[in-house]
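Just so you know, we're using our numbering here: the sequence shown kicks off at -18 and counts up by one. Where is the CB? At the ideal position from N, CA and C, for every residue including glycine. None of these values were measured; they are calculated from a predicted model. These notes concern the structure reproduced below.
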Amino acid sequence: MRSGCSLVILAGGRSRRMGRDKAGLPAGDGTLLQHLAHRLGPVVDETIVAGGSTTLELAGVRQIDDHHPGLGPLAGMHAGFLAARHTLVWVVACDLPDVEPALGTLMQSLAHD
-18 MRSGCSLVIL
-8 AGGRSRRMGR
2 DKAGLPAGDG
12 TLLQHLAHRL
22 GPVVDETIVA
32 GGSTTLELAG
42 VRQIDDHHPG
52 LGPLAGMHAG
62 FLAARHTLVW
72 VVACDLPDVE
82 PALGTLMQSL
92 AHD
């Protein structure tokens, strides 16, 4: 699909409260991170995972490191914006497994109007 939109999934963080990497928690047929990439990937041109220690081996998904580790979600967003091919970027946290693909489609439609 040619959407003119990049997806950045934020997967960083120290997991202090959880005690383990949230992105690697089970969801659907894999992990939270895999679930989101599969669920939202079809409505964007590219999927980028920013930060995190969970390795994601999915075709078409690019993993990047934060340019400023330890500075929270804004560091992941910054790295994602720099890596994105498009100026329209949809940012989603890895611990939101129920985000609807229709939301991304709606946001793209509103941005292009």
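What is the rounded straight-line gap between the Cα of residue i and the Cα of residue j?
| i | j | result |
| --- | --- | --- |
| Arg43 | Ile29 | 5 Å |
| Gly11 | Gly41 | 17 Å |
| Val80 | Glu27 | 17 Å |
| Gly51 | Leu91 | 33 Å |
Does the beta-carbon of residue i have 16 or more other beta-carbons within 10 angstroms, so that it is buried, or is it exposed?
| i | result |
| --- | --- |
| Thr68 | exposed |
| Gly102 | Nothing can be reported for residue 102, as the shown portion of the chain is limited to -18 through 94. |
| Asp2 | buried |
| Ala65 | buried |
| Asp94 | exposed |
| Leu63 | exposed |
Could you check whether residue j and residue i sit closer than 8 Å to each other, using their CB atoms as the reference points?
| i | j | result |
| --- | --- | --- |
| Leu17 | Pro78 | yes |
| Gly57 | Gly9 | no |
For residue i, which of the options has the nearest alpha-carbon?
| i | options | result |
| --- | --- | --- |
| Leu(-12) | Asp76, Thr12 and Val24 | Val24 |
| Ile(-10) | Gln15, Thr86 and Leu84 | Gln15 |
| His19 | His49, Pro54, Cys75 and Arg66 | Cys75 |
| Val72 | Asp46, Leu21, His49 and Gly5 | Leu21 |
| Val70 | Gln89, Leu52 and His48 | Gln89 |
Return the Cβ separation of residue i and residue j in integer angstroms, given the expectation that the two are a contact with Cβ distance under 8 Å.
| i | j | result |
| --- | --- | --- |
| Ala60 | Ala31 | 5 Å |
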